[in-house]
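Trainee: What follows is a single structure, and I will ask about it in a moment.
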Amino acid sequence: MAHPYTGEEEEELYDDGAPDFGIQGADYDGNYNEAEAEQYAQQQRVAEAAAHQAQQAEALAAVPEPVKKYIMHLFNLVTAPSPSLPEIQAAYEQGWARLTDKFFAKTEWPEAETIAPLVNHDEVFLTLYRELYFRHVYARLQPDIDDRIASYENYCQLFNLILNSPGPVPLSLPIDWLYNIVDEFVYQYTSFALWRNKVTGKTDEEKQILAESSQVWSCYSVLNVLYSLIQKSKIQDQLAAQAEGIEDVEAIAGEFGSIRLYYHLGYFSILGLLRVHVLLGDYTLALQMLDGIDLNKKALFTRVTAAHVATYYYVGFSYLMLGRYPDAIRALSHILFFVLRLKHFQRGSQFDQINKTADRMYALLAICQALCPTKVDEGISTAVKDKFGDQHAKMARGGAESLPAFQEMFSLGAPRFISPNPPPYELESNDALTSYAALPDASAHQTTIFLGSVESQLSTSTLRSFLRLYTTLGTDKLAKFLEVEEDEVLEMLMVAKGAARKLTWTEGSLLQGEVFGVSDINFGIDEGHLTVAQSTTSRRYGDFFLRHGLKFSDVYENLKNKPLPVPKNPNGNNAGASAAKPSQINSEAPKSSTTGSKGVAWAKA
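Structure follows, in structure tokens:
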């Protein structure tokens with residue numbers, strides 16, 4: 001038990017000499033010694049650095065050996081004097097995915113500081129590695145606010161290196177990697193904006209960090225990066241020169257634009273801006289971004305499957321929101337037919353994501369076909385009915401009862417919209433945040449706009465079903481069928497007449513076009529009498545044979561890769577003691593049988 005404190009003990013203590021309480025930099029008389037304090041601080045820093053170094057060495061030792069070898073191999077490929085892009089592509093796409101599944105399926109990859117000794121602390125490579133590290137966190141794990149901010153700062157470091165260097169950065173990366181950098185940059189911005197704008201469920205610490213970090217993943221900073229990459233590469237000037245047939249494009253490209261790294265980053269930034277402007281709800285500006293890219297030619301974006309699918313998705317959605325349904329159907333059906341063919345050749349996680357995007361496009365196509373019935377490929381039409389048959393039937397019938405089906409399909413097919421204006425976290429006012437949370441979010445706002453445009457056209461489906469039955473009809477009789485007044489019928493006919501003529505792209509930029517009739521039913525009104533003309537489209541037999549030809553090719557390839565069945569002898573027993581191994585079967589066509597049994601037709605590959 002501690003005894004009570006007495007003043008005599010303190011006097012005895014000082015009588016024995018001035019005590020040393022361990023305060024570095026102060027002498028016994030209490031005077032501050034700056035030199036000793038600095039020496040002590042230096043010793044502390046050295047000790048902390050040594051402890052940190054030991055901790056990093058321990059963390060590095062825990063990294064699996066195959067991962068260490070992979071990182072060093074990738075570093076050597078990227079920093080080689082003459083990089084081999086196919087080898088980098090194989091290591092980037094296959095090696096990373098394989099090791100992720102084996103070692104890091106539910107955890108992070110080693111931090112960049114941990115593996116830095118393996119790559120000679122090369123800052124450029126470590127920046128690229130951090131980009132892959134955070135991409136993995138977003139894809140497989142749940143990023144917290146520190147991950148989101150650290151990833152943003154790493155992107156700033158990467159793009160500052162590329163944009164602010166006095167000369168072109170000597171870095172060569174495969175086209176898929178460059179597209180994924182821009183695509184992931186836009187995706188993480190979208191993810192942060194959606195998370196930031198959701199006021200509920202955040203801790204006070206998170207709100208404080210968001211209030212102090214208003215520029216992190218701001219709309220301005222993201223747009224600034226994408227437009228800066230376009231300007232640095234002069235990609236729009238290059239595309240315009242290529243379209244005009246100018247031979248000396250390198251003179252227009254300049255020092256940076258003629259470098260593959262800058263050309264591709266600038267090009268994919270155009271696609272990134274297409275996506276961002278769609279998510280912000282500016283569909284006209286989104287389509288304007290593609291003025292220099294001809295979608296009807298084999299453009300650069302078609303070399304990256306994910307870019308190919310995403311570009312047509314956002315173009316088709318923009319046309320849908322602008323009310324240009326024939327153009328939306330053309331864009332969506334084109335890329336869906338491509339995806340149908342792609343199923344025969346590709347598998348894997350990337351194709352799973354493409355399949356999800358394809359399902360969204362089927363939902364959008366169902367909307368477009370309900371509002372503007374158009375003949376499409378039979379395989380695509382069948383897929384729409386298989387996936388959304390009930391909803392498509394409800395939308396096609398029209399009327400007020402079809403509005404929920406339109407809303408459901410739009411929710412399935414539309415992207416997740418974002419607002420450029422963040423909540424007022426800096427005000428530190430719960431009332432301000434509550435008022436912000438009460439506002440409709442960006443997706444609800446865009447849904448309201450879409451349903452408003454659809455609502456005015458709901459009567460056309462019902463009207464069209466009656467007009468198909470007649471070649472001549474009085475408006476008074478039509479009014480009785482519809483159980484409305486004749487004036488209302490005339491109004492419905494005018495709406496249907498306007499809906500039957502749409503601005504449709506023919507050539508030039510995506511916003512250009514000519515007005516064409518897009519309905520299979522045309523009619524005229526003369527003194528209360530309707531004259532109806534209906535056009536029919538013959539069946540496209542070429543599509544039918546092409547689709548079944550591809551299916552037959554698949555069946556044939558599967559059969560050809562299987563081993564031949566073991567023949568039986570006349571006694572009913574197997575001719576051999578054991579089945580022949582596939583490797584032992586001659587790939588050449590077998591000799592014709594003389595036993596009279598039916599043979600299998602084989603063809604040499």
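Numbering (UniProt numbering) for the sequence shown: 1 to 605.
Backbone N, C-alpha and C define an ideal beta-carbon position, used for all residues, glycine too.
#1: For N160, which three-state DSSP category applies?
#2: Determine the closest residue to G254 out of H277, G245, I230, Q55, with distance taken between C-alpha atoms.
#3: Starting from T506, trace the alpha helix (DSSP H) in both directions and tell me its first and last residue.
#4: What distance in whole Å lies between the Cβ atoms of I71 and L118, which are believed to be in contact at a cut-off of 8 Å?
#5: So, at 6 Å on beta carbons, what are the nonlocal neighbours of L478 in its own chain, with the 5 sequence-adjacent residues on each side left out?
#6: Determine which residues share a DSSP beta bridge with D144 and list them.
#7: Can residue 616 and V454 be called in contact, C-beta distance under 8 Å?
#8: Please state whether DSSP places L173 in a helix, a strand or coil.
#9: Spell out the partners DSSP gives H529 in its beta bridges.
#10: Using only the alpha-carbon positions, how far apart do K562 and K343 sit?
#11: Taking 8 Å as the CB-CB limit, is L322 close to chain C?
#12: Report the rounded CA-to-CA distance for L265 versus A496, giving the unit in angstroms.
#13: By DSSP, does I246 sit in helix, in strand, or in coil?
#14: If we count the other Cβ atoms within 10 Å of its Cβ and call it buried at 16 or more, is S553 buried or exposed?
#15: Can you tell me where the beta strand (DSSP E) with V119 in it begins and where it stops?
#16: Can you give the Cα-Cα distance for I235 and L171, rounded to whole angstroms?
#17: Using C-beta distances below 8 Å, list every residue in its chain close to R303, excluding the 5 sequence neighbours before and after it, in chain order.
#18: How is the alpha helix (DSSP H) around F450 delimited, first residue to last?
#19: What is the rounded straight-line gap between the Cα of E58 and the Cα of T203?
#20: Tell me which same chain residues have a C-beta within less than 6 Å of the C-beta of K387, skipping the five on either side of it?
#21: Since L173 and L261 are thought to touch, with beta carbons under 8 Å apart, how far apart are those beta carbons, to the nearest angstrom?
#22: Can you list, in chain order, the residues of its chain whose CB lies under 7 Å from that of V376, leaving out five sequence neighbours each side?
#23: Could you give the first and the last residue of the continuous beta strand (DSSP E) run that contains I63?
#24: Per DSSP, Q516 forms a beta bridge with which residues?
#25: Tell me which residues share the same chain as Y325 and place their Cβ nearer than 6 Å to its Cβ, disregarding the 5 neighbours each side in the sequence.
#26: Since I believe A241 is in contact with I252 (beta carbons under 8 Å), could you give me their beta-carbon distance rounded to a whole number of angstroms?
#27: Just the Cα atoms here: how many angstroms apart are L336 and T305?
#28: Could you tell me which residues DSSP pairs with I521 in its beta bridges?
#29: Applying the 10 Å Cβ sphere with the 16-neighbour rule, what's the burial state of I449?
#30: Is the beta carbon of T471 sitting closer than 8 Å to the one on H529?
#31: Is DSSP giving T79 helix, strand or coil here?
#32: Comparing alpha-carbon positions, which option in P424, Q53, R341, L433 lies nearest H548?
#33: Does Y283 pass the burial test, meaning 16 or more other C-beta atoms within 10 Å, or should it be called exposed?
#34: Are the CB atoms of F268 and A307 within a distance shorter than 8 Å?
#35: When the Cα of D441 is compared with those of F417, T475, L274, L546, which residue comes out closest?
#36: When we look at the beta-carbon of S318 and count the other beta-carbons within 10 Å, is it buried (16 or more) or exposed?
Mentor: Inspection of the coordinates gives the following:
#1: helix
#2: I230
#3: First-last for T506: undefined, no H or E at that position.
#4: 5 Å
#5: V489
#6: Paired residues: none, contrary to the question.
#7: The question about residue 616 has no answer here: the residues shown for the chain are numbered 1 through 605.
#8: coil
#9: G474, D526
#10: 21 Å
#11: Of the chains in the structure shown, none is chain C; there is only one protein chain.
#12: 45 Å
#13: coil
#14: exposed
#15: Counting along the chain, V119 falls outside any beta strand (DSSP E), and DSSP gives it neither H nor E.
#16: 18 Å
#17: I175
#18: 442-455
#19: 34 Å
#20: Y362
#21: 7 Å
#22: I329, S333
#23: Per the sequence shown, the amino acid found at residue 63 is Val instead of Ile. First-last for V63: undefined, no H or E at that position.
#24: The sequence shown places Phe at residue 516, rather than the Gln named in the question. Note: F516 sits in a beta bridge opposite K502.
#25: C368, L371, C372
#26: 5 Å
#27: 12 Å
#28: Q534
#29: exposed
#30: no
#31: coil
#32: R341
#33: buried
#34: yes
#35: F417
#36: buried
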